[in-house]
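What follows is one structure encoded as structure tokens, with my remarks underneath.
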Amino acid sequence: MVCKIFITLKAILLKTQIIVTTHSPHILQIDSKEEIIMLDIDESGNVYKKEL
């Protein structure tokens with residue numbers, strides 16, 4: 004269900020940035036790696052970009 008909603012939003016909002024936070028691996032499988040930016044937090048509380 005969530006995947007269908009995400010795909011529909013992406014199709015409708017072609018020129019709009021969509022920011023999604025999830026623990027679901029299904030959402031990550033929808034987009035290509037080039038369209039996904041994964042963020043993480045280090046021990047000091049700093050946010051950094053994590054490679055997929």
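The opening residue of the sequence shown carries number 4 in our numbering; numbering runs sequentially from there. Don't be surprised by glycine CBs; every beta carbon is placed ideally from N, CA and C.
I'd like the list of long-range same chain contacts for residue i, defined as Cβ closer than 8 Å, with 5 residues on each side in sequence excluded.
{"i": "M36", "result": "The question names Met, yet the displayed sequence has Lys at residue 36. Excluding positions up to five away in sequence, the list reads L55."}
Which class does residue i belong to by DSSP, given the choice of helix, strand or coil?
{"i": "V50", "result": "strand"}
{"i": "L42", "result": "strand"}
{"i": "L16", "result": "coil"}
{"i": "H29", "result": "helix"}
Using 8 Å as the threshold, is the C-beta distance between residue i and residue j below it?
{"i": "I2", "j": "L12", "result": "A question about residue 2 goes unanswered here, because the residues of the chain that appear run from 4 up to 55."}
{"i": "I33", "j": "I10", "result": "yes"}
To the nearest whole angstrom, what separates the beta carbons of residue i and residue j, a pair I think is in contact under 8 Å?
{"i": "C6", "j": "H29", "result": "5 Å"}
Leaving out five residues before and five after residue i in sequence, what residues of the same chain have Cβ atoms less than 7 Å from its Cβ?
{"i": "N49", "result": "none"}
{"i": "I39", "result": "L31, L55"}
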